[in-house]
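First comes the structure, then the notes that go with it.
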Amino acid sequence: MDQELERVLRGLEEAAEFARTYRFEITPDYVALIERVEAMPRNQPGADKAHVWQRDRTFKAAFTNVTYLGPPR
Amino acid sequence: VNPFVPLARALAARSVRFVLIGVAGANQYALGGSDSFVTQDQDLFLPPDPDNLVRAWAACEDAGVELWLQEEPLDRPRDRWLAERIIERRALTRATGPEQFLVDLTLVMQGFDFERVWAERRVFAIEGVELPVARLLHIVESKRAAGRLKDSLFLATHKDALEQLLKRQE
Numbered sequence: 002m003d004q005e006l007e008r009v010l011r012g013l014e015e016a017a018e019f020a021r022t023y024r025f026e027i028t029p030d031y032v033a034l035i036e037r038v039e040a041m042p043r044n045q046p047g048a049d050k051a052h053v054w055q056r057d058r059t060f061k062a063a064f065t066n067v068t069y070l071g072p073p074r
Numbered sequence: 027v028n029p030f031v032p033l034a035r036a037l038a039a040r041s042v043r044f045v046l047i048g049v050a051g052a053n054q055y056a057l058g059g060s061d062s063f064v065t066q067d068q069d070l071f072l073p074p075d076p077d078n079l080v081r082a083w084a085a086c087e088d089a090g091v092e093l094w095l096q097e098e099p100l101d102r103p104r105d106r107w108l109a110e111r112i113i114e115r116r117a118l119t120r121a122t123g124p125e126q127f128l129v130d131l132t133l134v135m136q137g138f139d140f141e142r143v144w145a146e147r148r149v150f151a152i153e154g155v156e157l158p159v160a161r162l163l164h165i166v167e168s169k170r171a172a173g174r175l176k177d178s179l180f181l182a183t184h185k186d187a188l189e190q191l192l193k194r195q196e
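Here is the structure:
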């Protein structure tokens, strides 16, 4: 087998194995980040979140009419 | 008009207990586009209470969205008997509408029971309507408990997004 092809296939196998076994652990520093974000003034009860939904709709609308033009020339 | 608002209003009018969870729930805590994540749907976590589920279905009808069970329209009558069968199976009902509106009414949140999430929910607002959202910590822990690859990848990216967000705030 071509050495380059063999290298690519081995890389794909390694990626597939990584995908099967990868498990993200929640560490104390991640929990601390979350608690800081939850404590922000803009995340207190009663905060208006209309902008979150507007941002989501704008983003989706921007990509609704995207068409694939083929590979770059 | 945000298409979710009429549904949120109808749910509140019928005193439906629910919390927004999943990626859409996590996005409520984001401050900008760079710490938000794209999701196709919104997941509403409901308790295993048939009367509450019947009220949720009625609210969906009030809001003019269609209800589905798997690939079929949800059967009628949408009554307590049907709700009990759905709850037995912990099945998901889906509400769809215009503009790719897609809301899942789920009875399952991995690693959590409803009352725990409900007790610590955070009530935000959208266009004057109350929006109960699960704690960000609960959403993250649930994704960890689900353990799917896409959840692990979300968590890794989410952690990085929070780090960047807090750096910008400093």
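Protein sequences appear in the order of chains G and U. Each residue of the first sequence is one higher than the last, beginning at 2 in this note's numbering. Each residue of the second sequence is one higher than the last, beginning at 27 in this note's numbering. C-beta atoms are modelled at their ideal positions from N, C-alpha and C, and glycine is treated no differently. Predicted, not measured: the structure shown is a model, and the values here were computed from it.
Reference residue i, options the options, closest by Cα
i: Ala38 (chain U); options: U:Glu196, U:Lys176, U:Ile152; result: U:Ile152
i: Arg40 (chain U); options: U:Ala172, U:Pro76, U:Ala84, U:Leu46; result: U:Ala84
i: Thr28 (chain G); options: U:Gln195, U:Leu181, U:Leu192; result: U:Leu181
i: Pro42 (chain G); options: U:Arg170, U:Glu189, U:Phe150; result: U:Phe150
i: Val53 (chain G); options: U:Val45, U:Gly173, U:Arg174, U:Phe63; result: U:Phe63
i: Ala172 (chain U); options: U:Val143, U:Gly154, U:Met135, U:Glu141; result: U:Met135
i: Gln55 (chain G); options: U:Gly58, U:Pro74, U:Ala89, U:Arg170; result: U:Gly58
i: Ile35 (chain G); options: U:Lys185, U:Lys176, U:Glu110, U:Arg194; result: U:Lys185
i: Glu189 (chain U); options: G:Ala20, G:Glu18, G:Tyr31, G:Phe25; result: G:Tyr31
i: Leu79 (chain U); options: U:Gln66, U:Asp67, U:Ser168, U:Leu100; result: U:Leu100
i: Ala82 (chain U); options: U:Leu133, U:Ala56, U:Glu98, U:Glu114; result: U:Leu133
i: Ile112 (chain U); options: U:Cys86, U:Pro74, U:Glu146, U:Gly90; result: U:Pro74
i: Glu26 (chain G); options: U:Lys193, U:Glu167, U:Arg43; result: U:Glu167
i: Leu128 (chain U); options: G:Glu14, G:Arg11, G:Ala17, G:Arg58; result: G:Arg58
i: Arg148 (chain U); options: U:Ile47, U:Val27, U:Val31; result: U:Ile47
i: Arg194 (chain U); options: U:Asn28, U:Gly123, U:Arg170, U:Ala56; result: U:Ala56
i: Arg104 (chain U); options: U:Ala34, U:Lys176, U:Glu87; result: U:Glu87
i: Pro29 (chain U); options: U:Gly90, U:Leu108, U:Lys176; result: U:Gly90
i: Lys169 (chain U); options: U:Thr183, U:Glu196, U:Leu33; result: U:Thr183
i: Phe138 (chain U); options: U:Val45, U:Leu33, U:Arg35, U:Gln68; result: U:Val45
i: Glu125 (chain U); options: G:Gln4, G:Tyr69, G:Thr65; result: G:Thr65
i: Pro32 (chain U); options: U:Ala187, U:Gly123, U:Phe140; result: U:Gly123
DSSP bridge partner residues for residue i (one or two, in chain order)
i: Asp130 (chain U); result: U:Asp69, U:Arg120
i: Pro99 (chain U); result: U:Trp94
i: Leu46 (chain U); result: U:Leu70, U:Val159
Residue i - DSSP class collapsed to helix/strand/coil
i: Pro76 (chain U); result: helix
i: Ala151 (chain U); result: strand
i: Phe138 (chain U); result: strand
i: Glu146 (chain U); result: coil
i: Asp49 (chain G); result: strand
i: Asn28 (chain U); result: coil
i: Glu110 (chain U); result: helix
i: Arg40 (chain U); result: coil
i: Thr28 (chain G); result: coil
i: Asp88 (chain U); result: helix
i: Val67 (chain G); result: coil
i: Arg115 (chain U); result: coil
i: Glu167 (chain U); result: helix
i: Val1 (chain G); result: In the structure as shown, chain G begins at 2 and stops at 74. Residue 1 (chain G) is therefore absent and cannot be evaluated.
i: Phe63 (chain U); result: coil
i: Arg104 (chain U); result: coil
i: Glu7 (chain G); result: helix
i: Ala52 (chain U); result: helix
i: Glu15 (chain G); result: helix
i: Glu125 (chain U); result: coil
i: Arg174 (chain U); result: coil
i: Arg74 (chain G); result: coil
i: Leu57 (chain U); result: coil
Whole-number beta carbon distance between residue j and residue i, since they are thought to touch under 8 Å
i: Tyr23 (chain G); j: Ser178 (chain U); result: 5 Å
i: Asp77 (chain U); j: Arg106 (chain U); result: 7 Å
i: Leu70 (chain U); j: Arg43 (chain U); result: Not really, about 10 Å apart at Cβ, beyond 8 Å.
i: Leu157 (chain U); j: Lys61 (chain G); result: Leu157 (chain U) to Lys61 (chain G), Cβ: 19 Å. No contact.
i: Ala34 (chain U); j: Val155 (chain U); result: 5 Å
Do three or more CB pairs link the region 113 to 126 of chain U to the region 88 to 96 of chain U at distances below 8 Å? yes
The region 47 to 62 of chain U / the region 158 to 165 of chain U touching (three or more Cβ pairs under 8 Å): yes
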